[in-house]
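A short worksheet on the structure shown next.
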Amino acid sequence: MSDVLEVLKYPDPVLRRGGRPVEAFDAELRAVADRMLETMYAYRGVGLAAPQVGLDLSLLVLNPEGDPEKPELAQVLVNPRILSRKTLEFGEEGCLSFPGIYAEVERHQKIRVAFQDLSGAAHEVSFEGFLARIVLHEMDHLQGVLFVDRLSAAERIRVRPKLQEMEQGYQRAE
Numbered sequence: 006m007s008d009v010l011e012v013l014k015y016p017d018p019v020l021r022r023g024g025r026p027v028e029a030f031d032a033e034l035r036a037v038a039d040r041m042l043e044t045m046y047a048y049r050g051v052g053l054a055a056p057q058v059g060l061d062l063s064l065l066v067l068n069p070e071g072d073p074e075k076p077e078l079a080q081v082l083v084n085p086r087i088l089s090r091k092t093l094e095f096g097e098e099g100c101l102s103f104p105g106i107y108a109e110v111e112r113h114q115k116i117r118v119a120f121q122d123l124s125g126a127a128h129e130v131s132f133e134g135f136l137a138r139i140v141l142h143e144m145d146h147l148q149g150v151l152f153v154d155r156l157s158a159a160e161r162i163r164v165r166p167k168l169q170e171m172e173q174g175y176q177r178a179e
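Residue 6 is where the sequence shown starts when you use the numbering used here, and the numbers rise one by one after that.
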C-alpha cells in the first residue's frame, strides 16, 4: 500500500472547510504526518496542509527544499497560530491543489508562530522569507482560505482562465 494520499484539487469544497484543532497526540497523528510528508514529496511540494488531503485537522508539514533526502529540514506544525507578523512583500506562489498555476501573492516576510509538535509540546518559532511564506500559505488552508483568494485584481484576471478550466474539469468528474 502506498503512503501517498490524494491531494484534493480546486474547486473541491473540502478545501474550504479548514481543519479542527488536534486533541489526540498519538501514534495515529504521527502516522498521518508521515503520510502527509510522503505525499508532499511525491507531488514535489514544499508544504502541505491536512485539509488538502481531505483531513479535518489543524496540521501542516513543510520542507523548504521539498527534498526527501533532507529530512532534517522537514517540520510538522500542529494547531499553529500567528503571534506576530511584519514586513509585507510580494512573492510567487503555487499550490498542490492548483497544479500549474503560479501567481504573485503578498504575505508577511517575518512571523512568529505558536504551535505544538507531534508529542503535544508547545513551541514558539520565528520564520522569515520563504519559510514564512510556506507557513502562512499552509496556515491559510487550515482556515479554508486558498492562495487565489489573496490575489490582486490583476493577478486574479490573469489566472481566471486556468481556474475556469479547473472548475469545468471538476464538474465533468462529478
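Every residue gets a Cβ at the ideal spot worked out from N, C-alpha and C, and that includes glycine.
- Spell out a yes or no on whether the region 21–39 and the region 104–120 are touching, meaning 3 or more CB-CB pairs, one atom from each, closer than 8 Å. no
- Message: What does the alpha-carbon distance come out to for the pair Gly-99 and Tyr-107?
- Response: What you label residue 99 is simply residue 94 of the sequence shown in a count that begins at 1. What you label residue 107 is simply residue 102 of the sequence shown in a count that begins at 1. In a straight line, the C-alpha of Gly-99 is about 5 Å away from that of Tyr-107.
- Would you say Gly-24 and Ala-55 are within 8 Å of each other, going by their C-beta atoms? Looking up residue 24 in the sequence shown gives position 19. Looking up residue 55 in the sequence shown gives position 50. It is a contact, given that the beta carbons lie within the stated cut-off.
- Message: I'd like the span of the beta strand (DSSP E) that includes Val-140, first residue to last.
- Response: Working through the sequence shown from its first residue, we reach residue 140 at position 135. Unbroken run through Val-140 is the alpha helix (DSSP H), 134–147; no beta strand (DSSP E).
- Message: Just to confirm, is the Cβ distance from Arg-155 to Val-110 under 8 Å?
- Response: Here residue 155 corresponds to residue number 150 of the sequence shown, with the count starting at 1. Here residue 110 corresponds to residue number 105 of the sequence shown, with the count starting at 1. Closer than 8 Å, so yes.
- Message: Taking the alpha carbon of Lys-167 as the reference point, which residue from Arg-177, Leu-147 and Phe-103 has its own alpha carbon closest?
- Response: For this step, residue 167 is matched to residue 162 along the sequence shown. Taking only the C-alpha atoms, the option nearest Lys-167 is Phe-103.
- Task: Could you check if Glu-143 is buried or exposed, using at least 16 other CB atoms within 10 Å of its CB as the buried criterion?
- Result: On the sequence shown, residue 143 is found 138 positions in, with the first residue counted as 1. Buried, because 16 or more other Cβ atoms sit within 10 Å of the Cβ of Glu-143.
- Runs of beta strand (DSSP E) wholly within the region 85–141 (minimum 3 residues, chain order): 108–121 and 127–133
- Task: Could you check what DSSP says for Gly-174 in three-state terms: helix, strand or coil?
- Result: Start at 1 with the first residue of the sequence shown, and residue 174 comes out as number 169. Helix.
- Message: Rounded to the nearest angstrom, what separates Arg-40 and Gln-148 at their Cα positions?
- Response: Position 35 of the sequence shown, counting from 1, holds the residue named residue 40. Position 143 of the sequence shown, counting from 1, holds the residue named residue 148. Straight-line Cα distance between these residues: approximately 21 Å.
- Identity of the residue in Val-130, Ser-157 and Glu-172 nearest Arg-86 by Cα: Taking the sequence shown and counting its residues from 1, one reaches residue 86 at position 81. Measuring from the Cα of Arg-86, the nearest candidate turns out to be Val-130.
- Rounded to a whole number of angstroms, what is the C-alpha to C-alpha distance between Glu-70 and Phe-135? The count along the sequence shown starts at 1 and reaches residue 70 at position 65. The count along the sequence shown starts at 1 and reaches residue 135 at position 130. Cα to Cα, Glu-70 sits roughly 10 Å from Phe-135.
- Task: To the nearest angstrom, report how far apart Thr-44 and Ser-63 are at their CA atoms.
- Result: On the sequence shown, residue 44 is found 39 positions in, with the first residue counted as 1. On the sequence shown, residue 63 is found 58 positions in, with the first residue counted as 1. Roughly 17 Å between the two C-alpha positions.
- Item | Val-66 versus Gln-80 - alpha carbon distance | Residue mapping note: residue 66 aligns to position 61 of the sequence shown, counting from 1. Residue mapping note: residue 80 aligns to position 75 of the sequence shown, counting from 1. C-alpha separation (whole angstroms): 6 Å.
- Item | Cα-Cα separation, Ala-38 to Pro-16 | Numbered from its first residue, the sequence shown carries residue 38 at position 33. Numbered from its first residue, the sequence shown carries residue 16 at position 11. So the two alpha carbons sit approximately 24 Å from each other.
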